[in-house]
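Chemist: Just so you know, the sequence shown maps onto residues 169 to 305 in the numbering used here. Sharing a structure, written as structure tokens. Questions coming.
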Amino acid sequence: MLNTKLFPENGGNHRSSHHCCCFVHQETSHAVHAGMMADMYVRLNSCRSYVYNIARAVDKGHVSNKDCAAAILYAAENATKVALDSIQCLGGNGYINDYPTGRLLRDAKLYEIGAGTQEIRKMIIGRSINAQYLYSK
169 MLNTKLFPEN GGNHRSSHHC CCFVHQETSH AVHAGMMADM YVRLNSCRSY
219 VYNIARAVDK GHVSNKDCAA AILYAAENAT KVALDSIQCL GGNGYINDYP
269 TGRLLRDAKL YEIGAGTQEI RKMIIGRSIN AQYLYSK
């Protein structure tokens, strides 16, 4: 679900952060951007793991609307955060068409609002939890 173009080891292609990551070349700036990229990497892999785990459960016949909606909700929110952080890392270059970050942000935002909004997904999760714990005695 998440686009992996920011991480070359996952099959994507990107320009090196040393080439274009920031306009101010200071040691503290590189450390901040390294931390942001580490956070993006963690978000990407946690979303991937969660989505694959839900997909395995669905393959085994354990289908749950709550889990599917939660996976989409979590992955879509984190995709937007990762795209915004990548634009911030690139600075002014993040907005121009030479880098795919602007398109990635638009795509990530579409995951949030397309095929049902985040509020509808939260409503599905809430109803399922209420049905499971409140109404079953």
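Idealized CB from N, CA, C, for every residue including glycine. On a predicted model such as this, the values are computed, not experimentally measured, just so you know.
In this structure, how does DSSP classify residue 300 when only helix, strand and coil are distinguished?
Modeler: Note: residue 300 maps to helix in three-state DSSP.
Chemist: Residue 252 and residue 273: beta carbons closer than 9 Å?
Modeler: In contact: residue 252 and residue 273 (Cβ atoms closer than 9 Å).
Chemist: For a test of the three-state rule: what should DSSP assign to residue 267, helix, strand or coil?
Modeler: In the structure shown, residue 267 sits in coil (DSSP, three-state: anything other than H, G, I, E or B).
Chemist: Distance, Cα to Cα, residue 208 vs residue 250?
Modeler: Approximately 5 Å, taken between the alpha carbons.
Chemist: Spatial neighbours of residue 289 within its chain, please: C-beta separation below 7 Å, excluding the five flanking residues on both sides.
Modeler: Excluding positions up to five away in sequence, the list reads 237, 240, 241.
Chemist: Between which two residues does the alpha helix (DSSP H) containing residue 250 stretch?
Modeler: Segment 233-258, the alpha helix (DSSP H) holding residue 250.
Chemist: Give a yes or no on whether the minimum CB-CB distance between residue 209 and chain C is below 9 Å.
Modeler: No chain C is present in this structure, which holds just one protein chain.
Chemist: Residue 223 to residue 233, Cα distance in whole Å?
Modeler: C-alpha separation (whole angstroms): 12 Å.
Chemist: Hey, residue 206 and residue 247: beta-carbon distance below 9 Å or not?
Modeler: Contact: no.
Chemist: Take residue 216 as the anchor and find which of 243, 257, 227 has the nearest alpha-carbon.
Modeler: It is 243.
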